[in-house]
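Enquirer: Once you've had a glance at the structure underneath, I'll fire off some questions.
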Amino acid sequence: MKKLKLVMVGNGMAGVRTLEELLKLAPDVYDITVFGAEPYANYNRILLSPVLAGEQTIKDIMLNDVDWYAENNITLHLGKKIAKIDRVKRMVIAEDGTTAEYDRLLLATGSNPFILPVPGKELKGVISYRDIQDTNAMIEAARMHKHAVVIGGGLLGLEAANGLKLRGMEVTVVHLPAWLMERQLDPTAGKLLQKSLEDRGLKFLLDKNTKEIVGDEYGNVKAIRFADGLEVPAELVVMAVGIRPNTTLAESAGLLCNRGIVVNDTMQTYDPRIYAVGECVNHRGTAYGLVAPLFEMAKVCANHLANFGIGRYQGSVTSTKLKVTGIDLFSAGEFMGGEGTEEIVLSDPIGGVYKKLVIKDNKLVGACLYGDTVDGTWYFKLLREGKDIGEIRDTLMFGESNTGRPGDTGHEGFTLAAAMPDDAEVCGCNGVCKGTIVRSIKEKGLFTLEDVRKHTKASASCGSCTGLVEQILMATAGGDYSTATKAKPVCACTDHTHQEVRDAIKVNKLLTIVDTMQFMEWRTPNGCSTCRPALNYYLISTWPHEARDDPQSRFINERAHANIQKDGTYSVIPRMWGGETTAKDLRRIADVVDKYRIPTVKVTGGQRIDLLGVKKKDLPAVWKELDMPCGHAYAKALRTVKTCVGSEWCRFGTQDSTEMGKQLERAMWKMYAPHKVKIAVSGCPRNCAESGIKDVGVIGVDSGWEIYVGGNGGIKTEVAHFFAKVKTHEEVLEYSGAFLQLYREEGWYLERTVHYLGRVGLDHVKKKILEDAENRKALYERLLFSLDGEPDPWHEQEKAQVDARQFASLNV
Amino acid sequence: MPQQWKAVCNVADIPVLGARVVNRAAKPDVAIFRNSEDKIFALLDKCPHKGGPLSQGIVFGERVACPLHNWNIQLDSDCAVSPDEGCTQKFSVKVEDGKVFLDVKELSSLAIEVKAE
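Here the protein sequences come in this chain order: A and B. Under our numbering, read the first sequence as residues 1 to 812, first letter to last. Under our numbering, read the second sequence as residues 1 to 117, first letter to last.
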């Protein structure tokens, strides 16, 4: 098939990221040609500041060197600026006459720094701060001269000033508004920042209007003069007063521009063959100058260039972090506050800390942190997700680790990545230390959490170190770290989210995985190990008794109905209702252990017995001879109902917790769910069954039963929330069942109840269950209907579709 | 070297998007996979990561996800998908008249674990 021609004008971060995403999706559709005006391959422009400060070299910041283009068969023209686009002949023409035809054109011309239109702006030594050439010029000037003036006290200006100071120059920063970084900071934070920088030797002239730049007889700059008459010596003047999208080429070609090349949500310009991404773009009235939104644009654009046609860019929420080592500054959202907002402020001027959180309608809408930015990523996440913070409002200012949520395990109690030495283990599951993560981010140019997971495995298993890894990313990636778009797709096979898939299955009554993948235009023929189990669960939970369960789409444990161990043997855990057993059952277990020479017999946390080391071929026989119901210890289903003895035996027991537990277990076993479900029933508030950390925890009190929901014992210990107080056993069953059924119908695959509640809010669940008795009963009915006739996979193997072939190997 | 084909099973004996284990005298065993297009592959039943039984993994496209830690292994090339690195061993397969054949010479000599005395 003949390849189409894709030409890209521009060779910066946004454009090249688009090519990378395109090559991932559709590597064979285009012959790609790139024209870059600069003589360099693709580099990380954001890290020019560390280069200026002497912390990194140009080589360190290259993202894709010329070899990358060659390896991907991309024709690269460096140092060639495109002068004209002929849209009729579909051709671009460079200043030196080189031409290239296109079927699709991608404009990624970036921005131009704004140069103050004052006399003297053309003098030698007056530069902007945009590319490698500027950076080299500044490094050279620092070697030769003494005085530097930076016009512009914003993000870039301050980074330039810092770098020049570190290189030995005397630097004065000139800024028109009354405080620094007025686009990210309020006046208080701005003043604190100024004081910190003054302590480092930088001088500031605020509220100053530049009138002209004065030169010597050789045409070199020597001073800068202000409107009020003040004159300051300068052999280097850096203009860092803002950037403007570079639309000259696009305008000359007749494309609609409005302070940026106007594009729609699919990154197309008014000419459908021409796309635009990056800083040169005006999307819904906004031009972005931070990298995270540009990468999001790149992904969407690539999706359309690859002819998948389902990506949509809807704008971004951004955060900024000042890259001046030793100064901690973070800003996101509506940090200035305003009408209808409330502010929570922590101000410690002696300690050098100022933190402001802006809240509107119980949601975090802005954050401005100075001096302590440890929780920046967390606030940014809350901001992006628009989560209701009503419940944690009182401790919000004290950070994630203090918000009544201790219990992250696996990293020696560290909650501040900055406090960790390089050899400290960040990821306990995979043994990844901080130094490895930092090195990977720098050497491989990683930008997102997903990148770090893929390349280092950190936070790729249980996820309890995710907060730490995000902190490290933010500090190291040297830019505007951001996760992917708010709507996270199920997997690489699709751009659809879990919610979209769930809704589509419901609305369109999809009953098989094949139908669902076809209907939702999956990119792959059979999905992958992430989406197939998820889809399978969504189908059987939305349409019980109608949808087709596909055993080949279940994880090994749920196919073999046993837990796979590290050596390929399995563990078998029969059911023990409420944690109670009998002599007969114990004898039978002992006999089976002897007969099959099972190596290990262990009591589990769920109050039952585990037989470990069973060979796969012996499983059917072991099940038969145990003659006990399946424990589902391996499934994303109800595991156990733990109990303590309660009023049957215990002198403190107020209720018959064992009986209640057994009733719950018998009513709800075999219930498949988005993830495992654990229940416990205690006979009194001493809570010996540990109900406080269960998905549904029931505690007997003198006047009835208290029901708690959303607890979690592992990875990150979570305390369950009080839900309801009821009187009878029947009510316990109904309320617990209704909650679990709501979770089954609305939860995303692999969300525990704690994550589900965190996402939808306890109020949502209360409304549907506590405030609506009819709905509660209906939910419980649906659960019972779902469970009606559900087979025990150990004893009804055909009905449960257990494929017998898996237990027999082929002999040769 | 000419191959010595031996029939091990029918294609129909392998679950679609699944696998069967071929029990050979030498260890580890060999896994034969069948994808949704009825293409058959044979790999050593041992993941290059930590030795997990690939035969128990979820099969999709022309890949299998190891059941232990989810490394994706390419069935046609026997190697892990980037950025994971590592390869297991592939075995020659012939499908004829709905029957699956493996090479006896390979079975008795390829990728055999020698246990220390």
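Backbone N, C-alpha and C define an ideal beta-carbon position, used for all residues, glycine too. Keep in mind it's a predicted model, so treat the numbers as computed, not measured.
(1) Excluding the 5 residues preceding and the 5 following F41 (chain B) in the sequence, name in chain order all residues of the same chain whose CB lies nearer than 6 Å to its CB.
(2) If you reduce the DSSP assignment to three classes, tell me which class V81 (chain B) lands in.
(3) Measure from the C-beta of F33 (chain B) to each C-beta in chain A and report whether the shortest distance is under 8 Å.
(4) Can you list, in chain order, the stretches of the alpha helix (DSSP H) that have 4 or more residues and sit fully within the region 61 to 109 of chain A?
(5) Since P533 (chain A) is in the alpha helix (DSSP H), which residue starts that stretch and which ends it?
(6) Less than 8 Å between C-beta atoms, sequence neighbours within five positions excluded: which residues of the same chain meet that for G804 (chain A)?
(7) So with CB distances below 7 Å, who are the chain A contacts of A111 (chain B)?
(8) Would you say G163 (chain A) and S49 (chain A) are within 8 Å of each other, going by their C-beta atoms?
(9) If I measure Cβ to Cβ from M628 (chain A) and keep anything under 7 Å in the same chain, skipping five residues before and after, which residues do I get?
(10) Does the Cβ of Y538 (chain A) have 16 or more other Cβ atoms within 10 Å, making it buried, or fewer, making it exposed?
(11) Please list, in chain order, all residues of the same chain as L849 (chain A) whose beta carbon is under 8 Å from its beta carbon, the five residues on each side excluded.
(12) For a contact meaning CB atoms closer than 9 Å, what does V29 (chain B) contact in chain A?
(13) D136 (chain A) lies in the alpha helix (DSSP H); which residues open and close that run?
(14) Alpha carbon to alpha carbon, how far is K356 (chain A) from S331 (chain A)? Give it in angstroms, no decimals.
(15) Are the beta-carbon atoms belonging to I359 (chain A) and T341 (chain A) less than 8 Å from one another?
(16) Mind checking G110 (chain A): buried by the 16 CB within 10 Å criterion, or exposed?
(17) So, at 6 Å on beta carbons, what are the nonlocal neighbours of E334 (chain A) in its own chain, with the 5 sequence-adjacent residues on each side left out?
(18) Can you tell me whether DSSP reads A19 (chain B) as helix, strand or coil?
(19) Listing by chain order, which chain A residues have their CB less than 9 Å from the CB of A26 (chain B)?
(20) Ignore the nearest five residues each way along the sequence and tell me which others in R225 (chain A)'s own chain have a CB closer than 7 Å to its CB.
(21) Would you report the Cα separation of T172 (chain A) and V221 (chain A), rounded to the nearest angstrom?
(22) Starting from P113 (chain A), trace the beta strand (DSSP E) both ways and give me its first and last residue.
(23) Where does C87 (chain B) sit, in a helix, a strand or coil, going by DSSP?
(24) Relative to the C-alpha of K727 (chain A), which candidate in A:Q655, A:G154 and A:A808 has its C-alpha closest?
(25) One question on the structure: do P28 (chain B) and A80 (chain B) come within less than 8 Å of each other, judged by their Cβ atoms?
(26) Rounded to whole angstroms, what is the Cα-Cα separation between S647 (chain A) and D702 (chain A)?
(27) Among B:L17, B:G52 and B:D103, which one has its Cα closest to the Cα of Q565 (chain A)?
(28) Here's the rule: buried if 16 or more other CB atoms are within 10 angstroms of the residue's CB, otherwise exposed. What is N246 (chain A)?
(29) Could you tell me whether the Cβ atoms of V815 (chain A) and L76 (chain A) are closer together than 8 Å?
(30) Using a cut-off of 8 Å between C-beta atoms, extract the partners of R87 (chain A) located in chain B.
(31) Using three-state DSSP, classify A484 (chain A) as helix, strand or coil.
(32) Output, in chain order, the set of chain A residues within a Cβ distance shorter than 7 Å of S36 (chain B).
(33) Could you check if G98 (chain B) is buried or exposed, using at least 16 other CB atoms within 10 Å of its CB as the buried criterion?
(34) What is the rounded straight-line gap between the Cα of V263 (chain A) and the Cα of V118 (chain A)?
(35) Can you list, in chain order, the residues of its chain with a C-beta nearer than 6 Å to that of G833 (chain A)? Leave out the 5 residues immediately preceding and following it.
(36) Return no unless some Cβ of chain A is closer than 8 Å to the Cβ of L43 (chain B).
Expert: Let's see:
(1) F33 and L75
(2) coil
(3) Nearest CB-CB separation between F33 (chain B) and chain A: not below the 8 Å threshold.
(4) 66 to 71
(5) C531 to T542
(6) One point to set straight first is that residue 804 (chain A) is Ala, not Gly, in the sequence displayed. Within the same chain, A804 (chain A) has close Cβ partners P620 and Q797.
(7) The premise fails here: A111 (chain B) is roughly 15 Å from chain A at the closest Cβ pair, so nothing lies under 7 Å.
(8) Yes.
(9) P574, R575 and D585
(10) Buried is the call here.
(11) Here chain A comprises residues numbered 1 to 812, so residue 849 (chain A) is not present and cannot be evaluated.
(12) The question names Val, but residue 29 (chain B) in the sequence shown is Asp. Under the 9 Å cutoff, chain A gives S809.
(13) Looking at the sequence provided, one finds Asn at residue 136 (chain A) rather than Asp. It spans I132 to M144 - the alpha helix (DSSP H) in which N136 (chain A) sits, taken as one unbroken run.
(14) Approximately 9 Å, taken between the alpha carbons.
(15) Against a cut-off of 8 Å, the Cβ pair of T341 (chain A) and I359 (chain A) comes out as a contact.
(16) buried
(17) Within the same chain, E334 (chain A) has close Cβ partners V358, V365 and G366.
(18) Secondary structure at A19 (chain B): strand, using DSSP grouped into helix, strand and coil.
(19) Neighbours of A26 (chain B) in chain A, taken as residues at a C-beta separation under 9 Å, are lacking, since the least C-beta distance is about 11 Å.
(20) K211, E212, V214 and E231
(21) 15 Å
(22) S111 to P113 is the extent of the beta strand (DSSP E) around P113 (chain A).
(23) strand
(24) A:Q655
(25) Not in contact: P28 (chain B) and A80 (chain B) (Cβ atoms no closer than 8 Å).
(26) 11 Å
(27) The shortest C-alpha separation from Q565 (chain A) is found at B:G52.
(28) buried
(29) Here chain A has residues from 1 to 812 only, and residue 815 (chain A) is not among them.
(30) None at all; the shortest Cβ gap to chain B is about 39 Å.
(31) At A484 (chain A), the pLDDT of 45 sits below 50, so the modelled position is not reliable; the number obtained from the coordinates is stated separately. Coil at A484 (chain A), not helix or strand.
(32) P525 and N526
(33) exposed
(34) 33 Å
(35) Look at the range of chain A in this structure, 1 to 812, and you will see that residue 833 (chain A) is not part of it.
(36) no
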